[in-house]
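Trainee:
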Amino acid sequence: MGNVGAKDVPVLLSPEGLRLDGRRLDELRPIRIEAGTLHQADGSAFVEWGQNKVMAAVYGPREVHPRHLQQNHKAVIQCKYNMAAFAVDERKRPGLDRRSQEISKVIAEAFESVVFAEEFPRTSIDVYIEVLQANAGTRCAGLVAASVALADAGIPMVDLVPAVAVGKVAGQICLDLKKEEDNFGEADLPMALVPQSGRLVLLQMEGHMTEEELGRSLDLGVKGCREIYDRMKAALRERYALTPVAGGAA
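With the working numbering, the residue at position 121 of the sequence shown is 161, and numbering never jumps.
(1) Can you check which of these residues, V87, C180 and V167, is closest to G261 by C-alpha distance?
(2) For R256, which residues in the same chain have their Cβ closer than 7 Å to its Cβ, ignoring the five residues on either side in sequence?
(3) May I ask which residues mark the beginning and end of the alpha helix (DSSP H) holding N122?
(4) With V98 and I165 assumed to form a contact (beta carbons below 8 Å), what rounded beta-carbon distance in angstroms separates them?
(5) At what residues does the beta strand (DSSP E) containing M231 begin and finish?
(6) Taking 9 Å as the threshold (C-beta atoms), are S187 and V201 in contact?
(7) For the alpha helix (DSSP H) containing V184, list its first residue and its last residue.
(8) Look at the alpha carbon of H108 and the alpha carbon of I195, and state the distance between them as a whole number of angstroms.
(9) Taking 7 Å as the limit between beta carbons, can you name the residues of its chain near A210, skipping five residues before and five after?
(10) Of the residues K120, V167 and H248, which one's Cα is nearest the Cα of R138?
(11) Is the CB-CB distance between D82 and R69 below 9 Å?
(12) Judging by CA-CA distance, which residue of G207, G182, E67 and F151 is the nearest neighbour of N223?
(13) Can you tell me which of the three DSSP states M197 falls into?
(14) Measuring alpha carbon to alpha carbon, tell me which residue in A115, G238, L254 and I71 is nearest S103.
(15) Determine the closest residue to Y280 out of A125, V128, A189 and H113, with distance taken between C-alpha atoms.
(16) Find the nearest neighbour of Q59 within the set L215, R162, K273 and F156, judged by alpha-carbon distance.
(17) With DSSP as the reference, label L260 as helix, strand or coil.
(18) What residue does the beta strand (DSSP E) around D166 start on, and which one ends it?
(19) Report buried or exposed for V167, applying the criterion of at least 16 other Cβ atoms within 10 angstroms of its Cβ.
(20) Please list the terminal residues of the continuous beta strand (DSSP E) segment that includes Q212.
(21) Tell me whether D192 is buried or exposed, calling it buried when 16 or more other Cβ atoms sit within 10 Å of its Cβ.
(22) For A125 and A176, what's the separation of their Cα atoms in angstroms?
(23) State the DSSP-derived secondary structure class of N92, mapped to helix, strand or coil.
(24) What is the rounded straight-line gap between the Cα of P101 and the Cα of T163?
(25) Going along the chain, which residues of its own chain have a beta-carbon closer than 7 Å to the beta-carbon of M272, five neighbours each way excluded?
In structure tokens form, the structure reads like this:
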């Protein structure tokens, strides 16, 4: 919390246990997911999650650039996460910063464990994530958007990959932190998993939790991920239910 004084810290939980936006501890922010939003990409998705607005585009499999990254036995998954300069209240410097590079790396590693990359040797699958508006949880929103975009591109995967952040706020374990909770809470735990197996493909933590709190956080995160997973599948069903079959009636 740095030099922030007690008078500057908002009241994060009401006496009734409700959060700043009226949610209960185990509630997600409103989520809207749309697949196939960019016609020139091989696959794309737009996620509006609370006040976050995130676009993802997938290109490939295609020729690897730079060429020295090519692998003979599988595709290379390259991810570029970027937060637009206008995405936050305090205008950020354009371009990839250290945080963006770190998030790009962890998202690429998450997909390396679920994409059947061996089916596309000597190629690249390129994932672009652009955060247009940010309000905490952008890496999770970006990962969800990218997962739907990969499915929209027809890239074979073990499964879709939902993600959510769990945190500790005013001593309570909360699902899906918003900006004030992320800034003034005691811990933040973004996670992503493969729903069918429950295997975690991303798990990071900032702050401090007890072992018991960590266990409760993981349980709550799994619950949140499964709810988001249903929304992801619904977005893809809607996308392809509205697409005419080639050669069929319009």
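All C-beta atoms in this analysis are idealised placements derived from N, C-alpha and C, irrespective of residue type, glycine included.
Computed from a prediction, not measured in an experiment: that's the story for all the values here.
Mentor: With the given structure in hand:
(1) C180
(2) I213
(3) That residue, N122, is in no alpha helix (DSSP H); its beta strand (DSSP E) goes V116 to M123.
(4) 7 Å
(5) A227 to V234
(6) yes
(7) T178 to D192
(8) 23 Å
(9) L52 and L53
(10) K120
(11) no
(12) G207
(13) strand
(14) According to the sequence displayed, residue 103 carries Glu and not Ser. Ranking A115, G238, L254 and I71 by Cα distance to E103 puts A115 first.
(15) A189
(16) Checking the sequence, you will find Arg at residue 59 rather than Gln. The shortest Cα separation from R59 among L215, R162, K273 and F156 belongs to L215.
(17) helix
(18) S164 to Q173
(19) buried
(20) Q212 to L215
(21) buried
(22) 15 Å
(23) strand
(24) 6 Å
(25) I73, V184, S187, V188, L200 and P202
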